[in-house]
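A.B. asks: Encoded as structure tokens, here's the structure I'll be asking about.
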Amino acid sequence: MGLFGKDPKVTPKEQVREWTSKLRKQQMLIDRQIRAIQREEEKVKMELKKAAKQGNRDVCLVFAKEIVNSRKGVSRLHTTKAHLNSIMMNMNQQLSALRISNSLEKSTDVMRSMQSLIKVGEVAQVMQEMSREMMRAGIIDEMLEETLEDTLGGEDMEEEANEEVDKVLFEITNGQLGKGPAVPSDSLPTIPEKESKKTPAVAEDEDISEMQQRLEALRS
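Okay, here's the thing in structure tokens:
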């Protein structure tokens, strides 16, 4: 059996090109999914606006939650694309190195990206197959099963979700429903009453006195 599996005729260069081709195909499929989600989001936005005009807040909340979920889904797919792109860039570097060493090198970047993608539903099957091939090629070590635990408690997550829904309602209905993002305060910090009564001269004298005390302490 050859380095890359049953077919001993497959060279490292051919295998890298095959992986790169598969990764590009996955990126194209993800782009298609993103566009489909965004089209559906536009339809939901229109329905939300209609419900807002009719004063049906409960229906608006349902549509707003759908929009929040669709945006989270798009964000997750963009992250997946970034990981795929990272692997492709590393594969191109491997191709360049092949011209010199004619062998593939282990890559922690590929390992990290593969670990992130192995459980992503849209690409999981392809990534699992590719990870086995990369292990045989010596690019990555054996993939570890990681359990992901939520760092936020249930109440915190629910509160965060409600805030996102409020922002979406505010955005789609032009402020008629929901709450907008918090406006940062530009006000200057308040000066304590005792300090505010000090004249600049008094404050300067106190600073000089404090510095003299420090110098005396250093000399002793």
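In UniProt numbering, the protein residues as written are 1 to 220. Quick reminder that beta carbons are idealized off the backbone N, C-alpha and C, glycines included.
In angstroms, rounded to a whole number, what distance separates the CA positions of Lys45 and Ile34?
C.D. replies: Taking the first residue of the sequence shown as 1, we reach residue 45 at position 45. Taking the first residue of the sequence shown as 1, we reach residue 34 at position 34. Approximately 16 angstroms between the Cα atoms of the pair.
A.B. asks: Thinking C-alpha only, which one of Glu105, Arg112 and Met28 is nearest Val16?
C.D. replies: Within the sequence shown, the letter at position 16 stands for residue 16. Proximity to Val16 across Glu105, Arg112 and Met28 peaks at Glu105, based on C-alpha coordinates.
A.B. asks: Just the C-alpha distance for Lys22 and Pro12, rounded to the nearest angstrom, thanks.
C.D. replies: Within the sequence shown, residue 22 is the residue found at index 22, counting from 1. Within the sequence shown, residue 12 is the residue found at index 12, counting from 1. Their Cα atoms are separated by approximately 15 angstroms.
A.B. asks: When the Cα of Ser131 is compared with those of Glu122, Val120 and Met111, which residue comes out closest?
C.D. replies: On the sequence shown, position 131 is the one that residue 131 refers to. Answer by Cα proximity: Met111.
A.B. asks: Is the CB-CB distance between Ile172 and Leu48 below 7 angstroms?
C.D. replies: Position 172 of the sequence shown holds residue 172. Position 48 of the sequence shown holds residue 48. Using a Cβ distance threshold of 7 angstroms, Ile172 and Leu48 count as a contacting pair.
A.B. asks: Quick one: is Glu14 buried, meaning 16 or more other Cβ sit within 10 Å of its Cβ, or exposed?
C.D. replies: Walking along the sequence shown from the start, residue 14 turns up at place 14. Taking all protein chains in view, the Cβ of Glu14 is surrounded by fewer than 16 other Cβ atoms within 10 Å, so the residue is classified as exposed.
A.B. asks: Taking DSSP as the reference, what is the three-state secondary structure of residue 228?
C.D. replies: This structure gives no information on residue 228, because the portion of the chain shown stretches from 1 to 220.
A.B. asks: Taking the alpha-carbon of Glu42 as reference, which of Ala64, Asp31 and Gln26 has the nearest alpha-carbon?
C.D. replies: The residue given as residue 42 occupies position 42 in the sequence shown. Among Ala64, Asp31 and Gln26, the Cα nearest to that of Glu42 belongs to Ala64.
A.B. asks: What did DSSP end up calling Gly73 once you bin it into helix, strand or coil?
C.D. replies: On the sequence shown, residue 73 is found 73 positions in, with the first residue counted as 1. Here Gly73 sits in helix by DSSP.
A.B. asks: Quick one: residues in its chain with C-beta nearer than 8 angstroms to the C-beta of Thr81, no 5 flanking neighbours on either side, listed in chain order?
C.D. replies: Within the sequence shown, residue 81 is the residue found at index 81, counting from 1. The sequence given here has Lys at residue 81, not Thr. Once the five neighbours on either side are set aside, the close Cβ partners of Lys81 are Gln27, Ile30 and Asp31.
A.B. asks: Give the secondary structure of Val16 by DSSP, where H, G and I count as helix, E and B as strand, and everything else as coil.
C.D. replies: The residue labelled residue 16 in the question sits at position 16 within the sequence shown. Helix.
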